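Residue numbers (the working numbering): 1 to 308.
Following: one structure in C-alpha cells, then a few remarks.
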C-alpha cells in the first residue's frame with residue numbers, strides 16, 4: 001500500500017491521471033472551472049515560499065529579470081505566435097484568437113514550474129511581474145494593430161494581477177510563519193503538484209468536445225501551438241546556454257519557461273468574452289497543448305527535480 005500511495009503522489013502520475021480522467025469523465029471540469037484562478041493562487045502561494053524578502057533588494061536587481069520577462073514573453077514568444085498564426089491560419093477569427101494569446105502576459109505557471117524544475121523562482125517571479133506590468137500597455141496596442149475591434153479593459157488585467165501575483169505573494173509570507181513553516185515545506189511539493197493536476201483536468205475536461213467538432217480545422221491550430229511550446233522551448237534552451245552564459249543553470253530554466261509559457265487562462269477568458277466562437281479555439285487548443293508540454297518538461301528535468 002505504501003508503494004501505491006508513493007506512486008500516486010508522483011508528479012507525472014498525477015498529471016497523466018488528470019489527462020485520462022479529463023477525457024473519460026469531464027463532467028467535474030465545469031464545477032472546477034470557476035475555481036481555477038483561486039486554485040492557481042494557492043499553488044503560487046506555496047511556490048513563493050521559496051523566496052525571501054531580501055531578494056527584492058536592492059531594487060535595481062529587479063530590472064534585469066523584469067526586462068528579460070518582457071522580452072521573452074512578448075518580443076520572442078509573442079512575435080513567434082503572431083507570425084506562425086499569420087502563416088498557417090487563414091480564418092480571421094482563428095488569427096484573432098492567436099493574437100489574444102500573443103498579447104497575454106507570461107503564464108503564472110512559470111513560477112510553480114520554476115520551483116518544480118529547480119529553476120530560479122525569484123527570477124521567474126520578477127520576469128512574470130515585468131510582463132504583467134508591460135501588458136497594460138502592450139495588450140491594447142497589439143489588439144489595435146493585429147485585431148481591430150477587439151479590446152480588453154485594464155480592470156481585467158489588474159484583477160488577474162492581484163489574484164495571481166499580489167495575493168499569493170502576501171499569503172506566502174504568512175505561510176513562512178515559524179509555527180507552521182516545517183509543515184508548509186513538507187506539503188509544498190504535494191500542494192503544487194496536486195494543484196497543477198486539478199488545473200490540467202479542468203482544461204482537458206472543459207475542452208473535450210473541441211477535438212470532436214472539426215478535427216481538420218484543428219490541424220493548423222495544433223501546429224502553431226506545438227511550435228509555440230515545444231519548438232520555442234528547445235530553441236530558447238539552446239540559445240540561453242549558448243549566448244546567455246552569465247545566467248546560471250536555474251536562471252536559464254526560468255528563462256526558458258518565460259519564453260514558452262503564456263497566461264492561457266487569461267487568453268481563454270478574454271477570447272470567450274470578446275471573440276466569436278471560433279476565436280476561442282486557439283486558446284483552448286493551446287491550453288490542451290500545455291498538458292503534454294508541461295509533462296514533457298517534467299520528464300525532461302526529472303533528475304534536476306528529484307524525480308518526484
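By construction, the Cβ of each residue, glycine as well, lies at the ideal position given by its N, Cα and C atoms.
On a predicted model such as this, the values are computed, not experimentally measured, just so you know.
Candidates the options, of which the one nearest residue i by Cα
i, options, result
"residue 173", "30, 54 and 34", "54"
"residue 91", "103, 140 and 276", "276"
"residue 158", "57, 209 and 266", "266"
"residue 32", "185, 250, 191 and 197", "197"
"residue 87", "128, 61, 227 and 26", "227"
"residue 224", "78, 28, 155 and 27", "78"
"residue 68", "199, 139 and 126", "126"
"residue 100", "109, 108, 89 and 82", "82"
"residue 45", "61, 8 and 187", "187"
"residue 281", "95, 14 and 22", "95"
"residue 143", "60, 270 and 298", "270"
"residue 283", "210, 230 and 300", "210"
"residue 286", "13, 221 and 194", "221"
"residue 35", "288, 199, 153 and 181", "199"
"residue 298", "65, 233 and 131", "233"
"residue 63", "182, 131 and 24", "131"
"residue 128", "7, 180 and 65", "65"
"residue 289", "218, 301 and 242", "218"
Residues bridged to residue i [DSSP beta-bridge criterion]
i, result
"residue 27", "None, per the DSSP bridge assignment."
"residue 262", "106"
Close-in-space but distant-in-sequence residues of the same chain around residue i (CB under 8 Å, 5 per side omitted)
i, result
"residue 121", "47, 48, 50, 51, 111, 114, 115 and 254"
"residue 236", "72, 76, 255, 256, 259 and 260"
"residue 37", "160, 163, 164 and 265"
"residue 30", "205 and 206"
"residue 27", "205"
"residue 194", "14"
Burial state of residue i (16 or more Cβ within 10 Å)
i, result
"residue 137", "exposed"
"residue 309", "Any answer about residue 309 is impossible in this case: the structure gives the chain only from 1 up to 308."
"residue 178", "exposed"
"residue 141", "exposed"
"residue 98", "buried"
"residue 305", "Confidence at residue 305 is low in this model, with a pLDDT of 48, below 50, so its placement is unreliable and no value can be given for it."
"residue 60", "exposed"
"residue 123", "buried"
"residue 84", "buried"
"residue 58", "exposed"
Neighbourhood of residue i by C-beta, 7 Å cutoff - its chain only, sequence neighbours within 5 removed
i, result
"residue 240", "247, 252, 255 and 256"
"residue 134", "70 and 74"
"residue 93", "275, 276, 278 and 279"
"residue 250", "118, 119 and 120"
"residue 192", "43, 46, 47, 112, 115 and 116"
"residue 293", "229 and 230"
"residue 308", "Residue placement at residue 308 is poorly supported in this model, since its pLDDT is 49, which falls under 50; the coordinates still yield a value, given next. So the list reads 10, 11 and 189, once near-sequence residues are dropped."
"residue 154", "136"
Any non-hydrogen atom of the ligand PLP closer than 7 Å to residue i Cβ
i, result
"residue 72", "With respect to the ligand PLP, the structure offers nothing, as it holds no ligand at all."
Neighbourhood of residue i by C-beta, 6 Å cutoff - its chain only, sequence neighbours within 5 removed
i, result
"residue 22", "201, 204 and 205"
"residue 104", "262, 263, 266 and 267"
"residue 303", "Annotation note: pLDDT 49 at residue 303 (below 50); position unreliable, coordinate value reported separately. Result list for residue 303: empty, nothing under 6 Å."
Okay, do the stretch 162-180 and the stretch 35-46 touch, 3+ Cβ pairs below 8 Å being the bar?
-> The stretch 162-180, when compared against the stretch 35-46, does touch it at the 8 Å Cβ threshold.
Touch check for the stretch 11-19 and the stretch 137-150: three-plus C-beta pairs under 8 Å?
-> Remark: fewer than three beta-carbon pairs, one from each stretch, lie closer than 8 Å, so the stretch 11-19 and the stretch 137-150 are not flagged as touching.
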